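**Student:** Residue numbers (the numbering used here), protein chains in the order written: chain H, 931 to 1429; chain P, 922 to 1229.
Ideal placement from N, C-alpha and C gives every residue a C-beta, glycine not left out.
On a predicted model such as this, the values are computed, not experimentally measured, just so you know.
1) Starting from residue 991(H), find everything on chain P with Cβ-Cβ shorter than 7 Å and list it in chain order.
2) What are the residues in the region 1030 to 1042 of chain P lying within 8 Å of chain H by C-beta distance?
3) Could you tell me if residue 964(H) is buried or exposed, where buried requires 16 or more neighbouring beta carbons within 10 angstroms of its beta carbon?
4) Could you check which residue in 1280(H), 1275(H), 1321(H) has the C-alpha nearest to that of residue 1290(H)?
5) In angstroms, rounded to a whole number, what distance separates the CA positions of residue 951(P) and residue 1191(P)?
6) Could you check whether the Cβ of residue 1043(H) sits closer than 7 Å to any Cβ belonging to chain P?
7) To the nearest angstrom, report how far apart residue 905(P) and residue 1014(P) are at their CA atoms.
8) Applying a beta-carbon distance threshold of less than 8 Å, which residues of chain H neighbour residue 1132(P)?
9) Runs of 4 residues minimum, wholly inside the region 1101 to 1156 of chain P: which ones carry the alpha helix (DSSP H) assignment?
10) If I measure Cβ to Cβ from residue 1253(H) and keep anything under 6 Å in the same chain, skipping five residues before and after, which residues do I get?
11) Mind listing the chain P neighbours of residue 1053(H)? Cutoff is C-beta to C-beta under 8 Å, in chain order.
12) Please say whether residue 1165(P) and residue 1152(P) have beta carbons closer to each other than 7 Å?
13) So is residue 1270(H) buried or exposed if we call it buried at 16+ other beta carbons inside 10 Å?
14) Along the region 1145 to 1166 of chain P, what residues have a CB closer than 7 Å to any CB found in chain H?
15) Hey, would you say residue 1147(P) sits closer than 7 Å to residue 1054(H), going by beta carbons?
16) With a threshold of 7 Å between beta carbons, is residue 1225(P) in contact with chain H?
17) Just curious, the beta strand (DSSP E) that residue 1005(P) is in, first and last residue?
18) Using a beta-carbon distance below 7 Å, is residue 1216(P) in contact with chain H?
19) If you follow the beta strand (DSSP E) that residue 1064(H) is part of, which residue opens it and which one closes it?
20) Assuming the contact rule is C-beta atoms closer than 8 Å, residue 1026(H) and residue 1002(H) should be a hit. Round their C-beta distance to whole Å, please.
21) What residues match up with residue 1039(H) in a beta bridge as DSSP calls it?
22) Are the C-beta of residue 959(P) and some C-beta of chain H separated by less than 7 Å?
23) How big is the Cα-Cα spacing for residue 1017(P) and residue 1224(P)?
24) Counting only the same chain and skipping the five closest in sequence on each side, list residues whose C-beta sits under 8 Å from that of residue 1128(P).
25) Please confirm if residue 1012(P) has its CB atom under 7 Å from at least one CB of chain H.
26) To the nearest angstrom, how far is it from the Cα of residue 907(P) to the Cα of residue 1084(H)?
27) Just mark residue 1262(H) as buried or exposed, buried being the case when its beta carbon has 16 or more other beta carbons within 10 Å.
28) Please name the residue, chosen from 1154(H), 1258(H), 1057(H), that lies closest to residue 1150(P) on a Cα-to-Cα basis.
29) Is it right to say residue 1140(H) is buried, meaning 16 or more other beta carbons lie within 10 angstroms of its own, or is it exposed?
30) In its own chain, which residues sit with a C-beta less than 7 Å from the C-beta of residue 1085(P), not counting the 5 before and 5 after it?
31) Around the Cβ of residue 1308(H), are there at least 16 other Cβ atoms within 10 angstroms (buried) or fewer (exposed)?
32) Give me the subset of the region 1045 to 1058 of chain P whose CB atoms are less than 8 Å from a CB atom of chain H, sorted by chain position.
33) Give me the chain H residues within the contact set of residue 1136(P), using Cβ-Cβ distance strictly less than 8 Å, ordered along the chain.
34) Cα-Cα, which of 995(P), 1011(P), 1045(P) is closest to residue 1177(P)?
35) Any C-beta of chain H sitting closer than 7 Å to the C-beta of residue 1129(P)?
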C-alpha cells in the first residue's frame, strides 16, 4: 500500500492529535479531579471549622444539648456521614453517623479557646495584652467521597466527549487544510511534469502558492524555459549551420560562375579587340580598293557609279568609326593607365582649344578646377567627349557651354552644361548605352559610343554620371570623381569592361 | 588657708541641705497584661499632675513580662539601682509583686479592679466605678429599664451586694443568679433574660471570659435584652452601653496620692480610691436592633459611639 506525502502527513497529524487528545483528556481530568478535591477539602474544612467555632463554648461549658443541635445540623449537610466531638480529656460529648463507608475522608480539627487567667481581673475591662490559646477538645468529621466520585466520573465522560469532538474537528480541519495546501499543489506539479515530459515545453506549472512547493514549481518552470531556450538555440544553430552550408555552396557556385564569367569576359574582351582590330584591316582594304576604283575608273564610271562609290566610302568610314569606338570602349580598363596629378585648370582649356569650337559658342570655366589624381588619357576622354557632344549638338545661335566643379565631402562634382536642344527625360538612361543616338546618323555623324566610354571611365574611378535636362533649354551632364584615387582592382576593371 | 577651709565646709554644709530637695525618683511598674493605650494615658495623666504641682520627678519605667521569677529579679534590680522614692504600680500583678518585695518604699497602685478581693494591701486608685454613678447615668440613658439582671459567683458577691445597695436609691429592681462554675452560665443567662429588662455585667473573671462574653452578647441580641458591659471593648463587641474609667484622670488621681505620700513623714493608712470620673460608650447598631432610641443629648454625652 503506497501513501502519498499528504497521506503520510495526515497520518502523522492523526497520531499527533490522538496523543494530544489523550494528554489533554488526562490533563483536564486530572485538573478537574484536583479542583473537585480542592473544593471538597475546602468545603470539608469550612464545615469542620464552623463546627469547631460553634462547638467551642458548648465544649467549654460541657453543654451536650447545644452540641447535639449543632452537630445534627451539620450531619444534614451533603456528604457528612459521621460526626464526633470530644473534650480535652477524650470524653465523647457527641457522636452520630456511620464509619463503615468505604470511600470517606476524615477531618479532625482541634477546638481551641482563649486561655483565661484567674487573677488579673482588670483584663475584663482592659482586654488581654496578649492572647493565648489552649486546646479544649476536638471534632472529627467523616465525609463521603461517593458523590465526589460520581461527579468526577461525569466530568471525565464530559471531558472525553468534548476533547474527542474538539480534536476530531481540528483533525478534519487539518486534513482539509493539508489537502488544500499540499495535495493540490503536488498534484499540479506531478501533472505539469508529466505534460512537460511528454514534450510540451510551453506548459507552465501553476500551483498557486508561494511556499516551497510554489518555489519548486517556479524553479521547474524556469528550468523548462531554459530548456526551451536551449532547444531553440540548438535549432537556430542547426539552421545556421545549414544556411552556412548553403551559403558556402552558393559562394562556391558564385566563385565558379565568377571565374567562368571572368573567363568569358576576357574572351569577349579579347574577342572584341581582335574582331575590331581584325575588321579594320579588310575595311582599310575595301576603302583602298574603292579609292583605286574611284581614281582609276573615274572616266568610265558615270555619276551614278561615282555617287555609289562615295556612298560606299562613307559607309566604310562609318564602319571604321564604329570599330574604333568598340576598340576605345574595350581599351578602357583593359589597358592599365598610371594615375598622375592632373591640374584640370591647365588640361581643360587645352581640350577646349583642341576642339576648334565655333565662334558662336562660348565655353567658360566657372570656378577654379581642382587637381585630381587620375589617368591623363582617360581624363581627357571624359572632358573631350562631353564638350564635343555639347558643341556638336548645339542648336542655338549663341551657344553657351559651362564647365564647373564643386567640392563635396569626399569627391569632386563636375558639370558640363549647355543651352543646346536638351534631352527628353525618357532618354536619360538610354544615352549612356552603347550605339544609342538620339539624332539620325545622317544628320549628326555619331557612333553612339562616346557617352558609354565616359560612363565606363567614371565608374571605373568609383564615380557616377547622370544628366539633368529640359528639352529646348539645354542639358547638364554631372559626374563625380573621388578626391583620392583608390586602387583600381583588376577584377573590377575586367568586370566593368564587360558591362 | 583658714578662710579656704571655712569656705569648703560651707559648701559641704549647703550641699547636704540641698540633697533632700532634689527631684524624687518614681519607679513605674507595669503589669504584663495592661495594654499600652490605657497605660500610656494613665502615665501621661500622672506626669501632668506632678508637673502641675511643680514636682519635677524622675520617672523610671519597668515593664514586667508575666514570668514571676524574672519579674521579681527585674524589679529588685530596678529598685537596687534606681533607689526610688516611690513606686507606682499599674495592674494587679505588678502591685502584688511590688508589695511583696518592697517594704521601705511607699507604693501607690492604679488600674486595679476590685483591690479588696485581689489581696492588695497598699493604697491606690482602683478601676471600680461607683455603682451609684453607673445607675444614675443608666437612669438617664435607659429610663424605662428598671429590672436589672446580674449573674455573679462567690468571687463577685461583694460587687453584687454593692449594686443591690446602690439600686435602692435609684429605684432599680436588681435580680441576680449566683453560679459556682462557668458551666452554669448558659442556663443562668436564659433564666435572667426571661425576667430582666437589661443585663449588667459585674467584674468577675470566673464567669466572664472571651467565649462566655461572646455567648452572652449573642444571646443578649437574640433575646432583645440589652447588656451593660464592663468597658467600651464590650460596647464595640455588642453590648448596648458600657461604663469606662478616664484612664488619664486615673493617673492624675494616683499622682495626687503619690504627692501626699512623698510629702508625708510617716507611713499613711491604706486607702482605696475609686475613679472620680466615669464615661460611657454606646452602640447604636445594637440599639437599633433592640428597638432602642437614644436622644441626641445622650449620644453627645457618650465618650465613644459605635455603629453610627
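**Tutor:** On the basis of the coordinates in this document:
1) The contacting residues are 1103, 1104, 1106, 1107.
2) Within the region 1030 to 1042 of chain P, the residues whose Cβ lies closer than 8 Å to some Cβ of chain H are 1032, 1033, 1034, 1035, 1039, listed in chain order.
3) exposed
4) 1321(H)
5) 21 Å
6) yes
7) This structure cannot settle anything about residue 905(P), because the visible part of chain P is limited to 922 through 1229.
8) Taking a Cβ-Cβ threshold of 8 Å, the residues of chain H close to residue 1132(P) are 986, 987, 990, 1043, 1044, in chain order.
9) 1106 to 1116, 1131 to 1144
10) If the five residues before and after residue 1253(H) are omitted, its C-beta is found closer than 6 Å to the C-beta atoms of 1206, 1209, 1210, all from its own chain and listed in chain order.
11) 954, 1126
12) yes
13) exposed
14) 1151, 1152, 1154
15) no
16) no
17) Counting along the chain, residue 1005(P) falls outside any beta strand (DSSP E), and DSSP gives it neither H nor E.
18) no
19) Here the beta strand (DSSP E) through residue 1064(H) covers 1063 to 1074.
20) 7 Å
21) 1069(H)
22) yes
23) 32 Å
24) 1072, 1073, 1074, 1077, 1100, 1103, 1106
25) yes
26) Here chain P has residues from 922 to 1229 only, and residue 907(P) is not among them.
27) buried
28) Nearest in C-alpha terms to residue 1150(P), of all of 1154(H), 1258(H), 1057(H), is 1057(H).
29) exposed
30) 1095
31) buried
32) 1048
33) 987
34) 1045(P)
35) yes
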